[in-house]
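Undergrad: Below is the structure I would like to discuss, written out as structure tokens.
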Amino acid sequence: MLRRRQIYLPLSLREQYFRALHYPPSVGHLGIEKTLRRLRSRVYWPGMRADVRTWIQVCEPCQRSKPERGLPFGKMLSARPRHIFHTIYIDFYGPKPKSTGAHTYAFVMVDAATRLLDIRLTNLSDARTSIHQITKFCQRWGFPKIIVSDNAPSFKSFEFQSKCQQMGATNRYTAAYHPQPNLAERLNQSLKSCILAYIDDHTRWDLHIGFFVLAINTAYQISLKYSPYQMVVGQEARYPGDIDTDTDDGEPLPPSVAENLHLHMTQMRERATENLKRAQIQHKRWFDVHRRTHDFQPGDWVTLKNR
């Protein structure tokens, strides 16, 4: 059948003909418009544009080889921790050159609610080291409910997951190749900046780690409007050279002081939670302007570009 000197293609032959004009090297897996023009110069069927768009969108070689057009997928989802040390983020910083202290890694742990940083120096990055350091953290701060990490083998191992389960913690993992949501990854960058600023000898990279942790923990957090140290301890850390305003006369503090301190810390943490909520809403607003929603469903096959 002809339509305006074009062959009208029946439904049973349309996808087969599309493949003939899209898949061979001589037609080059070109885009929608160029493939559509090539087809329209030869055949006709109603709804051709919609069919071509659908077939090219699911064409595997096209998905692998062509750059993503338009806004990237995925709008921001923000997690708000329920209370201090409910959720912690972990990561290994390294490997670094073996230090004079025989260390090649730093095990990084961050509390989601306060951004408090805890670092332990190690010479391995395996599951047993991770378990040992998490245990030390729990002995000091209590047991977290959620532990977030990347997909490193040490964190995905049965041994590590079993230990977390014994502690009553749930493991959660950042997306493969996209570790940006991990707070520990972000603070690794702050740690790296401190090391580069103060250390010239690479074998002494671990020399001031403890002071770097103090510097990061006592720094003002814009999203919280408090420092992590202040959120946990209830006051700012003392530094050499600070003006001493204490009026301690040796007498024990009355019970009202402890009650006031507890009330102060409770109110401060409530304000910090609200500050973080507002900051996340504002950040999401800025982020989502340049993103688009996706319609993926559980079980869908998707491609992941490893850049």
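At position 166 of the sequence shown (counting the first as 1) the number is 166 in the UniProt record's numbering, and the numbers step up by one without a gap. All residues carry an ideal CB built from backbone N, CA and C; glycine is no exception. These figures come from a predicted structure and were not determined experimentally.
Using CA atoms only, rank isn't needed, just tell me which of Ile222, Asn260, Gly241 and His132 is closest to Glu274.
TA: The candidate whose alpha carbon is nearest that of Glu274 is Ile222.
Undergrad: Alpha carbon to alpha carbon, how far is Leu9 from Glu15?
TA: Roughly 10 Å separates the two Cα atoms.
Undergrad: Report the rounded CA-to-CA distance for Asn123 versus Tyr229, giving the unit in angstroms.
TA: Computed Cα separation, rounded: 28 Å.
Undergrad: Does the beta-carbon of Gly142, which I'm using as the reference point, lie nearer than 7 Å to any heavy atom of the ligand GDP?
TA: Looking for the ligand GDP in the displayed structure turns up nothing, as the structure carries no ligands at all.
Undergrad: Across the stretch 196-213 and the stretch 128-137, are there enough close Cβ pairs to call them in contact, namely three or more that are closer than 8 Å?
TA: The stretch 196-213, when compared against the stretch 128-137, does not touch it at the 8 Å Cβ threshold.
Undergrad: Output the residue ranges of the beta strand (DSSP E) runs that lie fully inside the stretch 86-165 and measure 3 residues or longer, sorted by chain position.
TA: Those beta strand (DSSP E) runs which fall completely within the stretch 86-165 and span 3+ residues are 87-93, 105-111, 117-122 and 146-149.
Undergrad: Residue range of the beta strand (DSSP E) that Tyr8 falls in?
TA: Per DSSP, Tyr8 belongs to the beta strand (DSSP E) from Gln6 to Tyr8.
Undergrad: Buried or exposed for Asn260, please, with buried defined as at least 16 other CB atoms from any protein chain shown within 10 angstroms of its CB.
TA: Looking at its Cβ environment, which holds fewer than 16 other Cβ atoms inside 10 Å, Asn260 is exposed.
Undergrad: First and last residue of the alpha helix (DSSP H) that includes Asn188?
TA: Segment Leu183 to Tyr198, the alpha helix (DSSP H) holding Asn188.
Undergrad: Measure the alpha-carbon distance for Asp201 versus Tyr239 and round it to whole angstroms.
TA: So the alpha carbons of these two residues sit roughly 27 Å apart.
Undergrad: In terms of residues, what are the limits of the alpha helix (DSSP H) holding Arg49?
TA: Taken as a continuous stretch (DSSP letters only), the alpha helix (DSSP H) holding Arg49 covers Met48 to Gln57.
Undergrad: Where does Ser227 land, buried or exposed, given buried means 16+ other C-beta within 10 angstroms?
TA: When all chains shown are included, Ser227 counts as buried.
Undergrad: Determine whether the beta carbon atoms of Phe137 and Met167 lie at a separation below 8 Å.
TA: No, these two residues do not count as a Cβ contact at 8 Å.
Undergrad: Tell me whether the beta-carbon of Asn182 lies closer than 8 Å to the beta-carbon of Ile147.
TA: Contact flag unset, no.
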